[in-house]
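Asks: Residue numbers (this note's numbering): 26 to 308. All C-beta atoms in this analysis are idealised placements derived from N, C-alpha and C, irrespective of residue type, glycine included. Please read these numbers as outputs of a predicted model, since none were measured by experiment. Quick one: the structure is below, questions incoming.
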């Protein structure tokens, strides 16, 4: 492979749909005894050349993503296991091992790019990507608010785990358009069902709350895990930061964001959330 091949300029980057990769992989050909890799109309003699081109193109697209509406909470993006990514509907036919590795690498870079785009949108406190078989149980037990699952056919299932709502949507190719559609879906969730019902019957155990007035940072921990536990904790923190704002003479018409989640974990049976009340919309 020549240096020129590795540095193909991206003057007008195209939007990719991951479904297209199936055709790319299975249409790859042998060139002088070596596998060639085709992507976006370009042909590469090495896997790394094609993957590097994909990364550079995605970087251009992510730079165009604008901040969206802040929703808070964490979103989990489920990346199917390598075994599932090697089967229909993600791939058809019988690509050789080298092409299969290329195919899996393309998928994984695509999922990571979605993560980076969501992080730039600032809609959530945390964005996670992982390969999990029982992604619904995993999401609920770890207290995620939102779940995004690729269906392998260009569509995604988006779930608001707090409200028990979901929607299947075929996302557009560009990252900016993906972010806008996701923002609209989550906004629609919020107007459909009252999340307060999740507090019904929940009783916290071994609650510990601490707050540092000087730094504006605090920590809340309780026994337990899951959606109801996390929702109760976030509401507890929101009520505290809202009261703090009013006490300090702020406008009682509260902004949408009162705090930022710095870290959350489950350790020795305790659900721990660390937060920061110093946000730009606080005053």
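1. Per DSSP, what are the beta-bridge partners of residue 99 in this structure?
2. Rounded C-beta distance between residue 106 and residue 156? I'm assuming under 8 Å.
3. What's the call for residue 266, buried or exposed, on a 16-neighbour Cβ count within 10 Å?
4. What beta strand (DSSP E) runs, 3 residues minimum, are completely inside the stretch 184-243?
5. Can you tell me whether residue 288 is buried or exposed, with buried defined as 16 or more other CB within 10 angstroms of its CB?
6. Does the beta-carbon of residue 117 have 16 or more other beta-carbons within 10 angstroms, so that it is buried, or is it exposed?
7. Cα-Cα, which of 126, 244, 112 and 199 is closest to residue 91?
8. Counting C-beta neighbours from all protein chains within 10 Å, is the total for residue 234 16 or more, i.e. buried, or is it exposed?
9. Contact defined as beta carbons within less than 8 Å: I believe residue 204 pairs with residue 138. What is the distance between those atoms, to the nearest angstrom?
10. Quick one: residues in its chain with C-beta nearer than 6 Å to the C-beta of residue 291, no 5 flanking neighbours on either side, listed in chain order?
11. For residue 207, which residues from the same chain have a beta carbon less than 7 Å from its beta carbon, with the 5 sequence-adjacent residues on both sides left out?
12. Since residue 132 and residue 110 should fall inside the 8 Å C-beta cutoff, what is the C-beta to C-beta distance between them, to a whole number of angstroms?
13. According to DSSP, is residue 71 helix, strand or coil?
14. Find out if the Cβ-Cβ distance for the pair residue 149, residue 185 is shorter than 9 Å.
15. What do you get for residue 231, buried or exposed, if any count of 16 or more other CB atoms within 10 angstroms of its CB means buried?
16. Under a Cβ-count criterion, where at least 16 other Cβ atoms within 10 Å of its own Cβ denotes burial, should residue 162 be classed as buried or exposed?
17. According to DSSP, simplified to helix, strand and coil, what is residue 116?
18. Check this for me: beta carbons of residue 103 and residue 172, under 9 Å apart or not?
19. Identify whether residue 63 lies in helix, strand or coil by the three-state DSSP scheme.
20. If I follow the unbroken alpha helix (DSSP H) through residue 292, where does it start and stop?
21. Verify whether the separation of the beta carbon atoms of residue 114 and residue 176 is less than 9 Å.
22. Am I right that residue 152 and residue 144 are in contact with their C-beta atoms under 8 Å? What's the rounded C-beta distance?
23. Who pairs with residue 247 in a beta bridge, going by DSSP?
24. Going by beta carbon distance, what residues of the same chain come within less than 6 Å of residue 58, once the five residues before and after it are set aside?
Replies: In terms of the structure at hand:
1. For the purposes of this step, residue 99 is identified with residue 74 of the chain shown, where counting begins at 1. Paired residues: 151.
2. Taking the first residue of the chain shown as position 1, residue 106 is located at position 81. Taking the first residue of the chain shown as position 1, residue 156 is located at position 131. About 5 Å separates the two Cβ atoms, so the contact holds.
3. Numbered from its first residue, the chain shown carries residue 266 at position 241. It counts as buried.
4. 190-195 and 233-237
5. Numbered from 1 along the chain shown, position 263 holds the residue referred to as residue 288. Exposed: under 16 other Cβ atoms inside 10 Å.
6. Within the chain shown, numbered from 1, the residue matching residue 117 stands at position 92. Exposed: under 16 other Cβ atoms inside 10 Å.
7. Counting from one through the chain shown, the residue named residue 91 turns up at place 66. Checked all of 126, 244, 112 and 199; the closest Cα to residue 91 is 199.
8. Here residue 234 refers to the residue found at position 209 of the chain shown. Residue 234 should be labelled exposed.
9. The residue given as residue 204 occupies position 179 in the chain shown. The residue given as residue 138 occupies position 113 in the chain shown. In fact, because the Cβ distance is near 12 Å, the residues do not count as touching under 8 Å.
10. Translated into the one-based positions of the chain shown, residue 291 becomes position 266. Within the same chain, residue 291 has close Cβ partners 250.
11. In the chain shown, residue 207 corresponds to position 182, counting from 1. Around residue 207: 183.
12. Position 107 of the chain shown, counted from the start, is the residue given in the question as residue 132. Position 85 of the chain shown, counted from the start, is the residue given in the question as residue 110. With 8 Å as the limit, residue 132 and residue 110 qualify as a contact, their Cβ atoms being about 5 Å apart.
13. Start at 1 with the first residue of the chain shown, and residue 71 comes out as number 46. Of the three classes helix, strand and coil, the one that applies to residue 71 here is coil, per DSSP.
14. The residue you call residue 149 lines up with position 124 of the chain shown. The residue you call residue 185 lines up with position 160 of the chain shown. Taking 9 Å as the Cβ cut-off, residue 149 and residue 185 do not qualify as a contacting pair.
15. Position 206 of the chain shown, counting from 1, holds the residue named residue 231. Residue 231 comes out exposed.
16. Taking the first residue of the chain shown as 1, we reach residue 162 at position 137. By the 10 Å Cβ count, residue 162 comes out exposed.
17. Walking along the chain shown from the start, residue 116 turns up at place 91. If DSSP states are grouped into helix, strand and coil, residue 116 belongs with coil.
18. Counted from its first residue, the chain shown places residue 103 at position 78. Counted from its first residue, the chain shown places residue 172 at position 147. For residue 103 and residue 172, yes; Cβs fall inside 9 Å.
19. Counted from its first residue, the chain shown places residue 63 at position 38. Residue state, collapsed to three classes: strand.
20. By one-based count along the chain shown, residue 292 stands at place 267. No alpha helix (DSSP H) contains residue 292, which is instead part of the beta strand (DSSP E) from 285-292.
21. Counting from one through the chain shown, the residue named residue 114 turns up at place 89. Counting from one through the chain shown, the residue named residue 176 turns up at place 151. Yes, Cβ-Cβ distance for residue 114 and residue 176 is below 9 Å.
22. Locating residue 152 in the chain shown gives position 127, counting from the first residue. Locating residue 144 in the chain shown gives position 119, counting from the first residue. So it is a contact: roughly 5 Å between Cβ atoms.
23. Mapped onto the chain shown, residue 247 falls at position 222. The partner list for residue 247 (beta bridge, DSSP) reads 296.
24. Position 33 of the chain shown, counted from the start, is the residue given in the question as residue 58. Residue placement at residue 58 cannot be trusted, given a pLDDT of 45 that sits under 50; the coordinates are not used to answer.
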